[in-house]
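Note sheet for the following structure.
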Amino acid sequence: MNVKVWITGAGGFVGKNLAEALQHKMQVLKTSRADVNLLDANAVHGFIKTHKINRIIHCASEGGARKTGYDATQQDIVKMNLQ
């Protein structure tokens, strides 16, 4: 099987470094928030089907070291990390 991995959040620290580490072992497709709305199930399924993805590593997140001190519910955090 030809492994094709989709890494969300590839513009961030973890996603960028993970993509760099894996690109020599498998085909890596990198996206950031602007590329695919992860809250839209049809968009996600279409992206997976179009690009024939067989692995997904979700590294997209809101926050990190730059976004501390804000008050959000768990539901808000999940929504922010998928948008």
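Numbers 158 to 240, taken from the numbering used here, label the letters of the sequence shown in order. Using N, Cα and C, we set each Cβ at its ideal position, and we do this for glycine too. None of the values given here were measured: they were computed from a predicted structure.
Report the CB separation of residue i from residue j in whole angstroms; it is logged as a contact under 8 angstroms.
i	j	result
His178	Ile164	Before going further, note that residue 178 is Ala rather than His in the sequence given. Not quite, the Cβ-Cβ distance comes to about 10 angstroms (not below 8 angstroms), so this is no contact.
Rounded to a whole number of angstroms, what is the C-alpha to C-alpha distance between residue i and residue j?
i	j	result
Thr207	His181	23 angstroms
Lys161	Ile213	9 angstroms
Lys187	Asp233	25 angstroms
Lys209	Asp197	18 angstroms
According to DSSP, is residue i part of a helix, a strand, or is it coil?
i	result
Gln232	helix
Glu209	A quick correction: the sequence has Lys, not Glu, at residue 209. DSSP places Lys209 in coil when its eight states are reduced to three.
Val160	coil
Lys187	strand
If I measure Cβ to Cβ from residue i and keep anything under 7 angstroms in the same chain, skipping five residues before and after, which residues do I get?
i	result
Lys173	Ala167
Only counting the same chain, and skipping five residues up and downstream in sequence, which positions put a Cβ closer than 6 angstroms to that of residue i?
i	result
Asn211	Lys161
Among residues of its own chain, excluding the 5 on either side of residue i, which ones have a beta-carbon nearer than 8 angstroms to its beta-carbon?
i	result
Gln184	Asn159, Val160, Lys161, Val162
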